[in-house]
Every structure is written in C-alpha cells, then in structure tokens.
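**Q**
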Amino acid sequence: MTETIKGVIFDLDGVLVDTACLHYKAWKKMADKLNIPFSEKDNEKLKGVSRKDSLDIILNHSGRNFSETEKHQLLLDKNNDYLKLVNQLNENDVLGGVVKLIEELKYKGIRISLGSASKNARLILELTGLYHYFDYIVDGNMVVKAKPAPDVFLTGAELLGLSPSECLVFEDAQSGVQAALTAGMKVVGVGEQALLHQATAVVPDLIGFNIEDYIK
Ligand code: B16
Ligand code: MG
Numbered sequence: 218m219t220e221t222i223k224g225v226i227f228d229l230d231g232v233l234v235d236t237a238c239l240h241y242k243a244w245k246k247m248a249d250k251l252n253i254p255f256s257e258k259d260n261e262k263l264k265g266v267s268r269k270d271s272l273d274i275i276l277n278h279s280g281r282n283f284s285e286t287e288k289h290q291l292l293l294d295k296n297n298d299y300l301k302l303v304n305q306l307n308e309n310d311v312l313g314g315v316v317k318l319i320e321e322l323k324y325k326g327i328r329i330s331l332g333s334a335s336k337n338a339r340l341i342l343e344l345t346g347l348y349h350y351f352d353y354i355v356d357g358n359m360v361v362k363a364k365p366a367p368d369v370f371l372t373g374a375e376l377l378g379l380s381p382s383e384c385l386v387f388e389d390a391q392s393g394v395q396a397a398l399t400a401g402m403k404v405v406g407v408g409e410q411a412l413l414h415q416a417t418a419v420v421p422d423l424i425g426f427n428i429e430d431y432i433k
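Under our numbering, the residue at position 215 of the sequence shown is numbered 432, and the numbers go up by one with no gaps.
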C-alpha cells in the first residue's frame with residue numbers, strides 16, 4: 218500500500234461490534250415460526266447483506282410465496298426482536314483493538330466514517346460509546362444500493378472530501394470487500410483469510426493492528 222491514506226471507513230457489524238449472533242437469534246426465531254431450516258452457517262451468508270435481501274434469502278428456502286404485506290410484517294417483527302437484544306449492548310461489546318486503533322487514527326488526523334448496511338447503526342454506535350469518534354456516518358438508511366454495490370463507501374469518501382484511493386476500508390464480509398474494491402479503495406479484511414482473500418490484506422481481528430504498515 219504505497220498511497221497516502223487520509224481517511225478510514227469502518228464497517229460496523231463484525232468489525233467494530235459483533236452483532237452477527239444477535240441477528241442470528243432474531244432471524245432464527247422467525248425461521249422457526251415459519252418452519253424454515255436456518256443454521257448459524259446460513260447466517261454467515263447474511264453478513265453485510267441488507268435486512269430486506271437477508272429476508273428474501275431465508276424465505277427462498279421455504280418453497281412458499283410471501284406477499285409484500287407479509288414480508289413487511291416479518292421485517293418489522295425481526296427488527297423488533299433484534300432491537301431488544303441490541304439494547305443490551307454497552308461499551309464492553311466493542312471488539313478488541315477497535316478503540317486503540319480509532320484513537321490512533323484521530324491522533325494522526327486521519328478522518329473516519331462509518332460504512333454500514335445496517336439501519337440501526339447510529340443506535341449501536343451510541344450504545345457502545347463509539348458514536349463521538351465518527352466524522353461521518355453512512356448507513357443503510359442513506360444508500361439505496363446495498364453492498365456489494367460500492368455506494369456506501371463512495372458516499373463515505375465524498376463526505377470525507379477524499380478520493381477513493383485515499384481511503385482504507387475495514388470489512389468482515391465478502392460483499393463488503395467487493396464493495397470497497399469496486400469503489401477503488403484498499404480494504405483490510407477482518408476475519409478468515411480463505412473467505413476474504415480478495416482483500417488487500419487480511420487480519421483475524423484488530424487487536425494489535427498497526428496502522429503504520431498501511432499509511433505513509
Ligand atoms: P439492520 P454491516 C449489516 O451490517 C450486517 O452485517 C447484516 O447482517 C445485516 O443484515 C445488515 O447490516 C442490516 O442490518 O437489520 O440492522 O438494518 O456489516 O454492513 O455493518
Ligand atoms: Mg460487517
């Protein structure tokens with residue numbers, strides 16, 4: 218990575234806070250009610266995928282047709298169940314290495330934005346005490362085209378006043394890595410090398426992450 222990085226865009230779920238298990242519990246409750254098989258492995262495929270697209274993926278396994286009204290209600294119920302779990306989050310739920318890295322970025326004058334598919338992103342950042350660190354927040358309420366479309370990250374770069382090549386993205390989902398690359402940004406995959414091998418670099422987590430290796 219030879220270009221100067223002036224801005225960092227963080228994905229939320231799976232990078233800053235591990236909410237995948239909360240999404241799983243809420244989707245599982247819905248799937249059980251509808252007698253649709255849904256495992257933790259199935260849940261992995263929903264990482265970085267919008268709420269509406271996630272519902273369609275789960276319902277595709279049912280072999281039944283659902284009306285738009287039914288789908289709307291399922292989305293509302295799922296989100297209410299998810300929010301009950303989200304509301305129990307606090308500062309201790311921030312993933313290891315995150316606060317240290319963000320404080321280092323702030324110290325170096327590198328601006329930061331959120332780039333998340335979640336419509337609950339602001340609430341999660343507030344509950345976990347991360348909200349005040351962010352210069353900009355781009356979430357699922359702001360962009361129409363979900364990841365792997367690059368829109369969420371391009372909007373972040375625009376708000377930061379930077380070109381895509383000046384931005385570094387942290388992402389845990391394949392769809393998010395693809396979105397960042399399509400946006401013309403460098404991306405650090407956070408998670409499994411085998412899954413995120415397309416990323417510019419992959420780390421298992423952000424504990425001990427050295428930003429000096431990535432900026433000039
Ligand atoms: P919500 P990210 C994504 O967040 C999650 O990875 C994905 O599992 C979820 O379906 C999506 O947000 C929408 O979340 O239901 O809260 O709007 O990883 O892009 O930060
Ligand atoms: Mg994610």
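Note that CB positions come from ideal geometry on N, CA and C, so glycine has one too.
On a predicted model such as this, the values are computed, not experimentally measured, just so you know.
Within 10 Å of its beta-carbon, does Asp356 have 16 or more other beta-carbons around it, so buried, or fewer, so exposed?
**A** As a working mapping, residue 356 is identified with position 139 in the sequence shown. Per the 10 Å Cβ criterion, buried.
**Q** Would you mind working out which of Leu318, Ser256, Gln415, Asn297 sits nearest Tyr431, comparing C-alpha positions?
**A** The sequence position of residue 431 within the sequence shown is 214, counting from 1. The shortest C-alpha to C-alpha distance from Tyr431 to any of Leu318, Ser256, Gln415, Asn297 is the one to Leu318.
**Q** Report the CB separation of Leu385 from Met402 in whole angstroms; it is logged as a contact under 8 Å.
**A** Against the sequence shown, residue 385 aligns to sequence position 168. Against the sequence shown, residue 402 aligns to sequence position 185. That belief holds up - the Cβ atoms of Leu385 and Met402 are roughly 7 Å apart, short of 8 Å.
**Q** Quick one: residues in its chain with C-beta nearer than 7 Å to the C-beta of Cys397, no 5 flanking neighbours on either side, listed in chain order?
**A** Numbered from its first residue, the sequence shown carries residue 397 at position 180. Residue 397 is actually Ala in this sequence, not Cys. Hits under 7 Å: Phe370, Val386, Glu388, Val404.
**Q** When the Cβ atoms of the region 222-234 are set against those of the region 331-348, are three or more pairs found closer than 8 Å?
**A** A contact between stretches requires three or more CB pairs, one per stretch, nearer than 8 Å, and the region 222-234 meets this requirement with the region 331-348.
**Q** Comparing the CB of Asp228 with every heavy atom of ligand 2, is any distance shorter than 7 Å?
**A** On the sequence shown, position 11 is the one that residue 228 refers to. Flag set: Cβ of Asp228 near ligand 2.
**Q** At the level of alpha carbons, what is the spacing between Leu276 and Ser284?
**A** Position 59 of the sequence shown, counting from 1, holds the residue named residue 276. Position 67 of the sequence shown, counting from 1, holds the residue named residue 284. Those two C-alpha atoms are separated by around 11 Å.
**Q** Determine which residues share a DSSP beta bridge with Glu429 and list them.
**A** Against the sequence shown, residue 429 aligns to sequence position 212. The partner list for Glu429 (beta bridge, DSSP) is empty, contrary to what the question assumes.
**Q** Could you tell me whether the region 417-425 touches the region 286-306, using the rule of 3 or more Cβ pairs below 8 Å?
**A** They do not touch, by the three-pair rule.
**Q** Could you say if the region 295-307 and the region 319-335 meet the contact criterion of at least three C-beta pairs nearer than 8 Å?
**A** no
**Q** My guess is that Ile274 and Lys262 are in contact by the Cβ rule of under 8 Å, so how many angstroms apart are they, rounded?
**A** As a position in the sequence shown, residue 274 is number 57, starting the count at 1. As a position in the sequence shown, residue 262 is number 45, starting the count at 1. Rounded, the Cβ-Cβ distance is 7 Å, consistent with contact.
**Q** Three-state secondary structure (DSSP) at Ile354?
**A** Position 137 of the sequence shown, counting from 1, holds the residue named residue 354. Looking at Ile354 - three-state DSSP - the assignment turns out to be strand.
**Q** Using a threshold of 8 Å, state whether the C-beta atoms of Ala161 and Ser267 are closer than that.
**A** No information on residue 161 is available, as it lies outside the stretch 218 to 433 that the chain covers here.
**Q** For Gly408, collect the residues of the same chain with a Cβ closer than 6 Å to its Cβ; drop the 5 residues on either side in sequence, then sort them by chain order.
**A** Here residue 408 refers to the residue found at position 191 of the sequence shown. If we look at Gly408 and ignore the five residues flanking it on each side, its Cβ neighbours are Asp389.
**Q** Could you pull out every residue in the same chain whose Cβ sits closer than 6 Å to the Cβ of Gln395, ignoring the five residues on either side in sequence?
**A** Your numbering for residue 395 matches position 178 in the sequence shown. Here the set comprises Pro365.
**Q** Excluding sequence positions up to five away, which residues of its chain have a Cβ less than 6 Å from the Cβ of Tyr350?
**A** Sequence index remark: in the sequence shown, residue 350 carries index 133 (1-based). Closer than 6 Å at Cβ, skipping near neighbours: Ile319.
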